[in-house]
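Residue numbers (this note's numbering): 3 to 354.
Glycine residues also receive a C-beta, built at the ideal position from the N, C-alpha and C atoms.
Here's the structure we're looking at; comments come further down.
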Amino acid sequence: MASVQAMLSGGVGPYGSTEAAQVAEVGTKALEVLRNSISVDVHTHGGPQGIYSPAPPTGNLASGMRAGSLAAVCLSEIPDEPLLGRNAAGVACLTRLPRPGELYGHHLERLAWADEMVAHHGLQRALTAADLESAHAAGQPSVIGGVEGLDFMEGKLERLEEAHQRGIRSAQLVHFTPNDIGDFQMGVVTHEGLTKFGAEVIRACHRLGMIVDVAHATEQTAKAAANVSIKPLLLSHTALAGSKAMASTRLAARCVSPDHARAIAETGGAIGIWAIFPDLDKYVEGLKEMADVIGVDHVCVGTDQQVAPGVLQDYSQWVNLIAAMLRGGFTSEEAGKIAGGNYMRIFRAAVG
Numbered sequence: 003m004a005s006v007q008a009m010l011s012g013g014v015g016p017y018g019s020t021e022a023a024q025v026a027e028v029g030t031k032a033l034e035v036l037r038n039s040i041s042v043d044v045h046t047h048g049g050p051q052g053i054y055s056p057a058p059p060t061g062n063l064a065s066g067m068r069a070g071s072l073a074a075v076c077l078s079e080i081p082d083e084p085l086l087g088r089n090a091a092g093v094a095c096l097t098r099l100p101r102p103g104e105l106y107g108h109h110l111e112r113l114a115w116a117d118e119m120v121a122h123h124g125l126q127r128a129l130t131a132a133d134l135e136s137a138h139a140a141g142q143p144s145v146i147g148g149v150e151g152l153d154f155m156e157g158k159l160e161r162l163e164e165a166h167q168r169g170i171r172s173a174q175l176v177h178f179t180p181n182d183i184g185d186f187q188m189g190v191v192t193h194e195g196l197t198k199f200g201a202e203v204i205r206a207c208h209r210l211g212m213i214v215d216v217a218h219a220t221e222q223t224a225k226a227a228a229n230v231s232i233k234p235l236l237l238s239h240t241a242l243a244g245s246k247a248m249a250s251t252r253l254a255a256r257c258v259s260p261d262h263a264r265a266i267a268e269t270g271g272a273i274g275i276w277a278i279f280p281d282l283d284k285y286v287e288g289l290k291e292m293a294d295v296i297g298v299d300h301v302c303v304g305t306d307q308q309v310a311p312g313v314l315q316d317y318s319q320w321v322n323l324i325a326a327m328l329r330g331g332f333t334s335e336e337a338g339k340i341a342g343g344n345y346m347r348i349f350r351a352a353v354g
């Protein structure tokens, strides 16, 4: 199947066929969805040369967003990245414990890197929903600051406030490094869920205006967070356990059960489906699998781009994702919700 961009631009050739006309019609509807809604990848590391890259930052993120009509991304820096490696199955894992202050230092370095990239490539830093709305109206791609794991806090709540001042608006509680907030998937259970300090962190996020992201958290931790939270929760990147659409099962431990997913949805939140699927049609099946469990109003797109293998490694394909949703049976309204509307509901409630 030819790409939406090629069909709309006439770059496919003079088919004059029913297929070409149908693709063009779906492509037009996909672009209309993106014009009418703020679309967001709720968890990314910035494309093929993204957040891991040394300065100067590459232009892949900005150019891809513009080409694919993607309005915004949540660009997540990884404080414990220096500690990570790959196991024999190629799955990310912790290789050592951090030195005191090490993760805080790396966190500050990557915040500076993100600031440089935003400035260098003319991206808009989104601190409020109004920022996202005005940038979308002007056709200006936006970046939402995110952090994957609060290990850098080292028990100091003031560091969360500092992160907020530096533009972070989405705070993922845990990643791969043991911390004093809660337990994480693929790790040893040490807290039996969310800690007292973890509950304080959630309340601090509410006070500051930050989304609480429970990706990587164990089901017990996520359910405890749902009980504490008075705002919608986000679980930014995962898939439904037992997904028949995923190409690989090597990340099965990072998937979530129906009960796990429902606990997030019941807060008014949403689950981001990552891009570990062999093609866009299978990815749409993955979206449907989750929507069948928790409803279309609680599903979004969290590619984990650059880290997770699979589709959508290039944001120029974003409009093709919307077209695949429409081909796969989602209505334009439903596609708009999944592509960004559901996340915007969470963002407005948590951030303002």
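Review point. How should GLU336 be labelled, buried or exposed, when 16 other C-beta atoms within 10 angstroms of its C-beta is the threshold for buried?
Key: buried
Check your understanding: Leaving out the 5 sequence neighbours to the left and right, which residues in its chain are closer than 8 Å to ASP133 when beta-carbon positions are compared?
Key -> GLN126, ARG127, SER144
**Study point:** the segment 178-185 / the segment 106-123 touching (three or more Cβ pairs under 8 Å)
**Key:** no
Check your understanding: Whole-angstrom Cβ separation of ILE170 and GLY148, contact assumed at under 8 Å?
Key -> 7 Å
Exercise for review: Kindly indicate the opening and closing residues of the alpha helix (DSSP H) around GLY107.
Suggested key: 104-122
Point to revise | Outcome for LYS246 when other beta-carbon atoms lying within 10 angstroms are tallied against a minimum of 16 | key: exposed
Check your understanding: With a CB to CB cut of under 7 Å and the five nearest residues on each side skipped, what residues in its chain are close to VAL313?
Key -> ALA277, PHE279, ASP281, LEU282, TYR285
**Study point:** Cβ-Cβ separation, ILE340 to MET327 (assumed contact under 8 Å), whole Å
**Key:** 7 Å
Practice item. Kindly indicate the opening and closing residues of the beta strand (DSSP E) around HIS239. Key: 236-240
Review point. Would PHE154 pass as a contact of LEU77 if the rule is Cβ separation under 8 Å?
Key: no
Point to revise | Rounded C-alpha distance that separates ALA224 from ALA26 | key: 42 Å
Review point. By the 10 Å Cβ neighbour count, where 16 or more other Cβ atoms means buried, how is ALA140 classified, buried or exposed?
Key: exposed
**Study point:** Close beta carbons around GLU163, own chain, < 8 Å, minus the five adjacent residues each side
**Key:** ALA206, LEU210
**Study point:** Length of the line joining the Cα atoms of GLY338 and GLY271
**Key:** 16 Å
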